[in-house]
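Just below is one structure, and these are the notes that go with it.
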Amino acid sequence: MLFMMAVMLLSITVNAQKKGGKTLVAYFSATGTTARAAKLVAEAVDGTLYEIQPAKKYTAADLDWHDKASRSSVEMSDSKSRPALYSKLGSLAEYDTIYIGFPIWWNLAPRIINTFIESGDFAGKTVIPFATSGSSSISNAEKELQTNYPGINWGKGRLLNGASRETVKQWIKK
């Protein structure tokens, strides 16, 4: 009898672990570079892939960082800017770990990442940023996210420029 109860308890524990512990890989990609990295991360962690989409897509003119009047320049010069999302992700309850990917804009995460974070309940989640950039590191973006959202359990992020499947797997293992 005691043995049967132990087996049942073990079975319940294993089933509960299977239901929890899911991983979400959410990403914003204006040009496709971060999307490629996000797909590698999702594959490495066997996670659910989710694209963070703006309500209004960015055009090449919107992304012209040389033009101070471009949409991205205006958004990034205003720390309170929160570009609208095309759609809001439902409940995050089933996820324990959330990777958030983005391109580095002006040495920071694009403001739409703030919109995404502020639209969900990240309590009790581990959030790990990853980014792509032509020349910047991820450190300033990480620092700003940690400062703006101190209630989130932040994992160490990584810049994934042109990362291979193997590079991503090695990073995930750490």
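For the sequence shown, this note's numbering begins at 114 and goes up steadily by one. The C-beta atom is built at its ideal place from N, Cα and C for all residues, glycine as well.
Self-check item: Under 9 Å between C-beta atoms of Ile225 and Ala254
Solution: Your numbering for residue 225 matches position 112 in the sequence shown. Your numbering for residue 254 matches position 141 in the sequence shown. Result no, Cβ atoms of Ile225 and Ala254 do not sit closer than 9 Å.
Quiz item: On the three-pair Cβ rule with 8 Å, is the stretch 179–191 touching the stretch 149–158?
Solution: no
Quiz prompt | Nearest-angstrom beta carbon gap, Ala244 and Gly270 [assumed within contact, 8 Å] | solution = Here residue 270 is taken as the residue at index 157 of the sequence shown, counted from 1. Here residue 244 is taken as the residue at index 131 of the sequence shown, counted from 1. 7 Å between Cβ atoms; contact.
Quiz item: In terms of residues, what are the limits of the beta strand (DSSP E) holding Thr172?
Solution: Within the sequence shown, residue 172 is the residue found at index 59, counting from 1. No beta strand (DSSP E) holds Thr172; DSSP gives it neither H nor E.
Quiz item: Which value, in whole angstroms, describes the spacing of the CA atoms of Gly134 and Thr228?
Solution: Numbered from its first residue, the sequence shown carries residue 134 at position 21. Numbered from its first residue, the sequence shown carries residue 228 at position 115. Whole-angstrom Cα-Cα distance: 24 Å.
Practice problem: Please name the residue, chosen from Pro196, Ser277, Glu231, that lies closest to Pro263 on a Cα-to-Cα basis. | Solution: As a working note, residue 263 is residue 150 in the sequence shown. The shortest Cα separation from Pro263 among Pro196, Ser277, Glu231 belongs to Glu231.
Self-check item: Rounded straight-line distance, which links the Cα of Val138 to that of Glu164
Solution: Along the sequence shown, read from residue 1 onward, the residue named residue 164 stands at position 51. Along the sequence shown, read from residue 1 onward, the residue named residue 138 stands at position 25. Roughly 8 Å between the two C-alpha positions.
Quiz item: Expressed to the nearest angstrom, what Euclidean distance is found between the alpha-carbon atoms of Thr210 and Thr147?
Solution: The count along the sequence shown starts at 1 and reaches residue 210 at position 97. The count along the sequence shown starts at 1 and reaches residue 147 at position 34. For Thr210 and Thr147, the distance between alpha carbons rounds to 19 Å.
Practice problem: Return the CA-CA distance between Gln283 and Leu202, expressed in angstroms with no decimal places. | Solution: Position 170 of the sequence shown, counted from the start, is the residue given in the question as residue 283. Position 89 of the sequence shown, counted from the start, is the residue given in the question as residue 202. Using only the alpha carbons, I get a separation of about 29 Å.
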